[in-house]
Amino acid sequence: MTESKEQQNPTMAAYLIKPYHLFHHQGRSYVINVEGMSASTIDAATAEVLQQITSGEILSLDSGAEDHLKKLGLLVDVSKQPPKVKKDINKDPMPVVNLSLFLTQSCNLKCVYCYGDEGKYGSGGNLDEKTAFQAVDWLLEQSGKIKKLHIGFFGGEPFLNFPMMKTVVEYARNRVQELGKDIEFNTTTNATLLGDEQIAFIKEHKIRVMVSFDGTKELQDAQRPFANGQGSYDNTLPRIKKLLEAVPATPGHAVIVGATDPKIVKDAMQEIGFAEVSVVPASQSLLAGEPDTTQSARDTQETFQSLEQEADTWIDLVGKRDDESLKKLKNKSGLYHALLTLLHNSKQRHACGAGLGLAAVSCAGDIYLCHRFVGRDEYKMGNVFEKGLNREEYLKSPTTESAVCAACFAKYYCAGGCKHDNAGSCGSIATPAEDICRLKCRELELAASIVGRLGIEERAFLVKQDIFPPKPCPLDF
Ligand code: SF4
Ligand code: SF4
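Here's what the structure looks like:
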C-alpha cells in the first residue's frame with residue numbers, strides 16, 4: 126500500500142496522496158482507494174503515474190493526471206482535510222448482544238480438523254439449568270438498551286443436550302418478553318441427531334440452523350467419522366434432506382483439508398439441496414497444539430484458481446445479464462463479501478464480533494471472546510456468576526493497532542482476520558498468518574477487478590435482481 130507523498134513532492138505540497146493499491150490483472154490496470162474502499166479500472170497513463178508515485182520518482186503532475194487522481198479520490202487538498210479526531214473505543218465498549226451458549230462440551234463425531242479437543246473444549250460436560258439461566262440473565266444485563274438479542278447453541282454437538290435447548294428457549298423467551306426485548310436463536314449442528322422432534326422444534330421456534338457437512342461421501346466419511354471411526358455420510362444425509370424439506374433455506378458449511386478442490390465440495394453441497402454454501406479451510410487446532418496442517422488448504426493453487434475462475438464468471442454472467450446463474454453463484458461465492466464491501470464502500474474495523482458484541486459461555490459459565498476459544502484460560506473474559514468483563518485487548522481495532530494490518534491495503538476488508546486462526550497459526554490473536562493474508566489480499570484484488578469494470582447500469586441490474594442489497598443511505602443510522 127502506498128502512503129502519503131506530499132512531503133516528497135514540491136509541486137504536490139498542497140496535496141495529499143491517499144493510500145492506494147495499484148495492480149494489474151489480465152492486461153488491465155486497477156486501483157483500490159484504500160480509505161474510500163472503492164475500486165476503479167485505470168488507463169495505462171494513470172497507472173504509469175501511480176507507479177512513479179509508488180517508487181517516489183515523480184516530481185510534478187500534469188493537469189490531466191491531477192484530474193484523474195482527483196476523480197479517483199486519491200488526490201485531496203490538504204487545507205480541506207478535517208482535523209483527525211481519535212476516538213477512544215475503550216470508553217464506548219460495544220454491548221454484548223450475541224451469545225454462543227455451549228449446551229454440551231462433548232461430541233458424537235471425531236472430525237479430523239476439530240479445534241475443540243473432540244468437542245470437549247478442555248473440560249467437557251453438559252450445561253445445567255442454573256448456569257443456563259444465569260447466562261441468559263447475564264446477556265440481558267450486558268445488552269443494556271439494545272432490544273434485539275441472539276443466542277447460538279453450540280457444542281460439541283448441541284443436540285446431544287436437546288432438553289436443555291428447549292429449556293433455554295422457553296426461559297429466554299419469557300425473560301425478553303418481561304423486558305420488552307426480542308430474541309432470535311441459531312445453532313450449528315452436525316445433523317447426525319436430527320429426527321422429527323428436533324426438526325419440528327427448529328421450525329416452530331424459527332431456529333436458524335447451520336449444518337456442518339463436507340459434501341461428498343468420500344470427504345464426509347474420511348473427515349467427519351463417528352467417534353467409533355465409522356463413516357457418518359449415510360446416517361446423516363437423509364436427516365439433512367428432511368431438514369431441507371422443512372426449512373429449505375438452511376445453509377451448509379463445509380471444511381476443506383489439504384488440496385481438496387473447493388468447487389467439488391460446493392457442487393456436492395448444492396446437489397444435496399443447500400441453497401447457501403460456505404466452504405472454508407480447516408482451522409489450526411488451539412487445544413490439541415498440533416502443527417499447522419491447514420496451510421496448504423488456504424494456499425493451494427486450487428483455492429486461488431477457483432477464485433480467479435469465479436471472478437471471470439461474475440464478469441461473464443453480468444455481461445449476459447444472467448440473473449438466475451448469478452443468484453446461484455452468489456450462494457457459493459468466495460468473493461461475495463469482498464464485492465459487497467467495495468460496492469458499498471464499507472470499512473470494517475474488526476473481522477468479527479468476538480469479544481465485542483459477541484461472547485461465548487461454556488458449560489461452567491466461563492465467558493470467552495468466541496466459541497472457538499472456549500477451554501483456553503488465557504482467552505477467558507469472566508464468568509456469568511461474577512461481575513466484570515476483561516476485554517480491553519479485544520476492543521482494539523487491528524486496522525490501527527497492528528502495524529502489519531495498518532499498512533495493508535486489505536485492512537478494511539479483512540480487518541485483521543479471525544483471531545482464533547491467528548492464535549492457532551502464530552500464537553497471538555493480533556498476528557495474522559501469511560497464507561491467510563495472501564488469500565484475503567487476492568480476494569480483494571479479484572473483487573476490485575470485477576467492481577472496477579461495473580458501470581452504473583450493471584450495478585443497478587445487480588441491485589434490482591436482489592443479487593446485492595442497495596447501498597445504505599449514509600444518513601440512516
Ligand atoms: S490480517 Fe493480513 S490481509 Fe488482513 S488486514 Fe491484516 S495484514 Fe491485511
Ligand atoms: S475469532 Fe474467528 S472463530 Fe471467533 S467469531 Fe471471530 S472469525 Fe469466528
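In this note's numbering, the protein residues as written are 126 to 602. Yeah, the Cβ is synthetic: ideal placement off N, Cα and C, and Gly gets one too. This one's a predicted model, so the numbers in the text were calculated from it and none came from an experiment.
Rounded C-alpha distance that separates residue i from residue j
i	j	result
Val-336	Leu-579	34 Å
Ser-268	Pro-220	5 Å
Lys-453	Pro-594	16 Å
Gln-230	Arg-298	24 Å
Ala-558	Ser-550	6 Å
Glu-254	His-146	53 Å
Arg-153	Tyr-461	21 Å
Leu-199	Val-237	47 Å
Leu-369	Leu-319	11 Å
Asn-311	Phe-326	12 Å
Asp-307	Thr-313	21 Å
Arg-501	Asp-187	58 Å
Asn-158	Lys-544	26 Å
Lys-143	Tyr-155	15 Å
Gly-249	Gln-434	43 Å
Leu-344	Ile-389	10 Å
Lys-536	Asn-353	44 Å
His-330	Gly-398	22 Å
Tyr-240	Ala-260	24 Å
Met-506	Tyr-296	25 Å
Glu-503	Cys-488	17 Å
Glu-396	Lys-328	23 Å
Val-294	His-193	57 Å
Thr-556	Lys-521	13 Å
Per-residue DSSP class, three states only, for residue i
i	result
Val-576	helix
Lys-273	strand
Val-382	coil
Ser-163	strand
Tyr-246	coil
Pro-594	coil
Thr-418	Confidence is the limiting factor: at Thr-418 the pLDDT is only 48, short of 50, which leaves the residue's position unreliable, though a coordinate-based value still follows. Three-state result, Thr-418: coil.
Val-588	helix
Tyr-538	helix
Asp-346	helix
Pro-557	coil
Asp-447	coil
Check whether residue i and residue j have beta carbons under 9 Å apart
i	j	result
Gln-473	Tyr-538	yes
Phe-498	Ala-479	yes
Phe-279	Ser-225	yes
Arg-333	Phe-429	no
Ala-485	Phe-227	yes
Val-402	Asn-456	yes
Thr-385	Glu-449	no
Gly-233	Glu-282	One detail in the question is off: residue 233 reads as Asn in this sequence, not Gly. Taking 9 Å as the Cβ cut-off, Asn-233 and Glu-282 qualify as a contacting pair.
Pro-218	Leu-481	yes
Lys-565	Leu-468	no
Ala-573	Ala-463	yes
Gln-323	Phe-351	no
Ile-381	Asp-339	yes
His-496	Gly-277	yes
Leu-274	Val-201	no
Ala-164	Val-576	yes
Leu-483	Leu-494	yes
Val-174	Ala-190	yes
Ala-400	Thr-438	no
Asn-360	Thr-292	no
DSSP beta-bridge partners of residue i
i	result
Met-220	Before going further, note that residue 220 is Pro rather than Met in the sequence given. Per DSSP, none; premise fails for Pro-220.
Arg-153	His-150
Met-335	Thr-313
Thr-229	Asn-251
Ala-393	The partner list for Ala-393 (beta bridge, DSSP) is empty, contrary to what the question assumes.
Ala-257	None, per the DSSP bridge assignment.
Lys-455	Looking at the DSSP assignment, Lys-455 forms no beta bridge with any residue, so it has no partner.
Ile-492	Val-486 and Gly-507
Phe-279	Phe-227
Ala-479	Leu-483
Asn-158	Tyr-145 and Ser-163
Ser-471	For Ser-471, which the question treats as bridged, DSSP gives no partner whatsoever.
Ser-403	His-378
Nearest candidate by alpha-carbon position, reference residue i, set the options
i	options	result
Val-639	Gly-398, Glu-396, Leu-432 and Thr-317	Residue 639 falls outside the range modelled here, since the chain spans only 126 to 602, and no answer is possible.
Phe-258	Val-509, Cys-598 and Ser-163	Val-509
Leu-141	Ala-170, Ser-163, Glu-329 and Ile-178	Ile-178
Pro-363	Asp-546, Leu-464 and Lys-342	Lys-342
Asn-470	Thr-256, Ser-458, Ser-180 and Leu-569	Leu-569
Lys-445	Ser-180, Asp-242 and Glu-583	Glu-583
Gly-383	Ala-555, Phe-534, Ala-347 and Glu-303	Ala-347
Below-9 Å beta-carbon distance, residue i vs any chain B residue
i	result
Phe-227	As a matter of chain content, chain B is missing from the structure shown, which is built from one protein chain.
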